[in-house]
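Taking our numbering, the leading residue of the sequence shown gets 136, the next gets one more, and so forth. All C-beta atoms in this analysis are idealised placements derived from N, C-alpha and C, irrespective of residue type, glycine included.
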Amino acid sequence: MHVEISTTRKGASLDLDRTSAAARALRRSAESGWCEIGAVLITGSGPNFCSGGDVHAFAAASDPRALVKSMAMEFHHFIEVLTNAHVPTIAAVQGWAVGAGMSVACATDIVVGGPSTKFKPGYPGLAFTPDGGLTWTLPRIVGERRAQSILLADRTIRDEEALRLGLLTESVAENDIKDHAERIAVMLAAGPRRALRRSKELLRRSGTSSLSAHLDAEATSIADCADSSDGRAAVAAFVDR
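Here is the structure:
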């Protein structure tokens, strides 16, 4: 599944129509047992991944509180569905990922960037607080102390530092960012879906479970996978090699 989250018509700002449509598609896939979608690839529609929310709409609003709240809630529906997706999620971050764009990237499993990639919270410049789960995901990626520095000082994080901090998973040549991310998505979509889904579940639970409980969950999960048709076939193929 390919999702373009921004629109070049408004300077690469977040396109809520697209993210809402993607959220509905992901919900339908979840209800069907994730039979339709093997991976989610997220890109921008132009040279930049996403410049954040539609600031012109904020400025024109007669009731900015009501408008921003409704937009945030709609955006958060997409973030929640994306974060809880049972399939791998991959972002191709070309150029700027500001505000909501940074939030989306931080909500995915794998982030591919390159020399042009730049992350920036952007919220202090509007006298806003973050949305899109950024105050939840960023500390889990870079640690609480670094997250405080990045968010409060509205720091720009470029390619090499982003890779070092874990905001980027891989850095590739500029012209290969989207193609490389797509290759990863195709590879993962063709992989062992049950095992990938269960791995994501274990990772998600690791922050709140005790070691003992988590070891039990791992033992149950690996046993279930070993007894599945995918697991039996993969083990047989490995032995045959």
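The stretch 233 to 251 and the stretch 192 to 199 do not touch, with fewer than three beta-carbon pairs separated by less than 8 Å.
By the 16-neighbour rule on beta-carbons within 10 angstroms, T355 is exposed. The C-alpha of V216 is placed about 9 Å away from the C-alpha of A165. Leaving aside the five residues that flank S155 on each side, the residues in its chain whose CB is nearer than 8 Å to its CB run, in chain order, E209, H212 and F213. The continuous stretches of alpha helix (DSSP H) do not include T178, which lies in the beta strand (DSSP E) extending over residues V175 to T178. Where G234 is concerned, there is no enclosing alpha helix (DSSP H), because DSSP gives it neither an H nor an E. Given a length threshold of 3 residues, the stretch 268 to 324 has no whole run of the beta strand (DSSP E) inside it.
Between the C-alpha atoms of G187 and G234 there is a straight-line separation of about 5 Å. With at least 16 other beta carbons inside 10 angstroms of its own, D266 counts as buried. Each of P199, P182, P223 and G230 was checked against the Cα of S334, and the nearest Cα belongs to P223.
Excluding residues up to 5 positions away in sequence, A227, Q229, V247, G248 and G249 lie with their Cβ nearer than 7 Å to the Cβ of I312 in the same chain. The beta-carbon distance between F254 and A297, rounded to whole angstroms, is 6 Å. This is short enough to meet the 8 Å contact definition. By the C-beta criterion, the stretch 342 to 351 is judged not to be in contact with the stretch 277 to 286, since fewer than 3 inter-stretch pairs fall below 8 Å. Here F263 carries a coil assignment [DSSP, helix/strand/coil]. The three-state reading of DSSP puts H221 in coil, since its state is none of H, G, I, E or B. The DSSP-derived three-state label of G326 is coil.
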